[in-house]
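Presented below is the structure to which this report refers.
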Amino acid sequence: MTGDRVARTRAERSGDHPSVDAIHRLAFETGLEAAIVETLRQAVEPLISIVAELDRGEVVGHIMFSPVTIDRRGGDIEFMGLAPMAVHPRYQNQGIGSRLVEEGLAACRTAGTELVFVLGHPAFYPRFGFLPAVDSSFHYVDSRLDDYFFVQCVSAEGASVDSGTVAYHETFDIDGV
Ligand SMILES: CC(C)(COP(=O)(O)OP(=O)(O)OC[C@H]1O[C@@H](n2cnc3c(N)ncnc32)[C@H](O)[C@@H]1OP(=O)(O)O)[C@@H](O)C(=O)NCCC(=O)NCCS
């Protein structure tokens with residue numbers, strides 16, 4: 729714990745890549761998520777990628793959103809999936825992750841996204857407005873993980889689909905993230 733404060737969140741820049749890579753390796757204790765981030769950067773468009781930095785400019789957190797498909801349709805900005813996300817272990821439990829989720833959802837809304845999905849912990853994501861996806865008849869490709877799958881409509885106009893099977897980009901297939 730230090731006296732540093734998160735000064736701001738902002739779009740990730742290429743100069744941030746080494747820091748973001750290191751944060752994922754430290755937070756997850758494996759290189760898997762860092763590898764997924766790198767693959768997404770190279771292979772996927774559009775991406776929403778946001779970092780949190782301290783007053784002195786040190787990057788300490790990162791969140792990424794990439795297009796998902798519903799029943800194999802989409803793959804553009806209208807349906808986005810949150811993942812991966814990580815905060816440097818030294819700075820966890822200080823609100824940085826929450827700020828990244830909120831800023832990321834706002835960025836998705838601004839970009840014209842209808843639905844944001846996330847595969848994650850039931851104790852964390854509902855606090856940001858995510859609801860169980862199964863309640864809206866959305867299922868993760870691996871239905872065994874449906875209890876961990878959440879959705880949020882971020883469009884004022886609502887969503888153009890109300891059910892279906894949701895898949896992240898194929899780079900996530902190597903393991904559950
Ligand atoms: C999950 C993570 C991004 C949260 O960032 P953070 O800055 O610590 O989060 P915040 O300080 O905003 O919120 C802390 C809350 O999240 C909870 N939390 C942290 N990690 C969690 C996890 N893996 N599952 C469920 N809840 C978690 C904390 O218990 C705390 O809850 P509280 O507010 O009720 O006390 C960060 O802990 C992390 O990088 N973890 C390792 C990587 C990971 O699991 N990423 C998410 C999956 S892609």
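Using our numbering, the first residue of the sequence shown is number 729, and each one after it goes up by one. The beta carbon of each residue, even a glycine, is placed where N, CA and C say it ideally should be.
7 Å CB neighbourhood of residue i in its chain, flanking five on each side removed
i: Pro860; result: Phe878
beta-carbon residue i near ligand 1 non-hydrogen atom, thresh 7 Å
i: Phe756; result: yes
Host beta strand (DSSP E) of residue i (start-end)
i: Val844; result: 843-847
i: Gly809; result: 807-815
i: Glu781; result: 776-782
Local conformation of residue i per DSSP, three classes
i: Ile751; result: helix
i: Met729; result: Caution applies to Met729, whose pLDDT of 48 falls short of 50 and renders its modelled position unreliable; the model cannot decide the point.
i: Pro746; result: helix
i: Thr893; result: strand
i: Arg736; result: strand
i: Ala851; result: coil
Residue i versus the options, residue with shortest Cα-Cα distance
i: Asp875; options: Ala884, Ser865, Ser883; result: Ser865
i: Val882; options: Phe852, Val844, Arg738; result: Val844
i: Asp804; options: Glu781, Cys836, Leu760, Gly848; result: Cys836
Where the alpha helix (DSSP H) containing residue i begins and where it ends
i: Val882; result: Neither: Val882 is in no alpha helix (DSSP H) and is coded neither H nor E.
i: Val829; result: 824-839
Beta-carbon contacts of residue i that lie in its chain and below 8 Å, excluding the five residues immediately before and after
i: Ile751; result: Val787, Val788, Gly789, His790, Ala814, Val815, His816
i: Val829; result: Ile791, Leu810, Met813, Tyr853, Phe856
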